[in-house]
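Per our numbering: the sequence shown = residues 29 to 180. Written out below as structure tokens is the structure these notes cover.
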Amino acid sequence: MPDVWIGLSAAARRRNWWWTGFLTLVYAGTATAVTLTEPTPNQWWWGGGVAVAWLASLFYMVNRGYGRTLLTDSGMEFRTLVGRRSIPWAEITRIEKRQHQARSAFWWDLQVVRVRGRSLTIPGAFTSRVRDAEFEQKLGVIQQCWSRAVGG
């Protein structure tokens, strides 16, 4: 089996950047509103708190947008901005599509459930579109590689 890369397409990465920009504008507006309306002694603490939350969100969005997964004969290799992790096929019990819901949004990602029950999100495989063919294709490729590797 040749190695297969799972990651976001250029269009999906561009959408992720648009959402990152939107999130930045929301945090900038919140920080501005908080620092202008808070009494003078506390305004910088509140503004600093919003800035720290924004940095954490920015890191999450960028890391999520550039994370990729390499499917090999031996297992899956997760590659993100800050680390790499390898999971052998024998350690995987199932691959799940999970739906997440926020107040006004839904998104889906793929997760690997390992033998010990702990699940990990697969980098490079998420969507906010209903019935996204590219996302479903990634799920199919991962499940096919997994079933081929474990002999099932």
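Cβ atoms here follow ideal geometry from the backbone N, Cα and C, with glycine treated the same way.
It is roughly 43 Å from the alpha-carbon of G145 to the alpha-carbon of W72.
Per DSSP, R42 is one residue of the alpha helix (DSSP H) stretching across 38 to 65.
For the set D101, R112, A59, R113, the Cα lying nearest the Cα of I170 is the one of D101. Counting every other CB atom within 10 Å of its CB across the protein chains shown gives V110 a total below 16, marking it as exposed. Under DSSP, the beta-bridge partners assigned to G103 are P116. In this structure T48 is in contact with V90, their Cβ atoms being roughly 7 Å apart against a cut-off of 8 Å. In summary, L53 is exposed, with fewer than 16 beta-carbon neighbours lying within 10 Å of its beta-carbon over all protein chains present. DSSP places G76 within a helical segment (H, G or I) once states are collapsed to three. Per DSSP, reduced to three states, the secondary structure at L83 is helical. The bridge partners DSSP lists for L138 are K125. The Cβ atoms of S37 and E119 lie no closer than 8 Å to each other.
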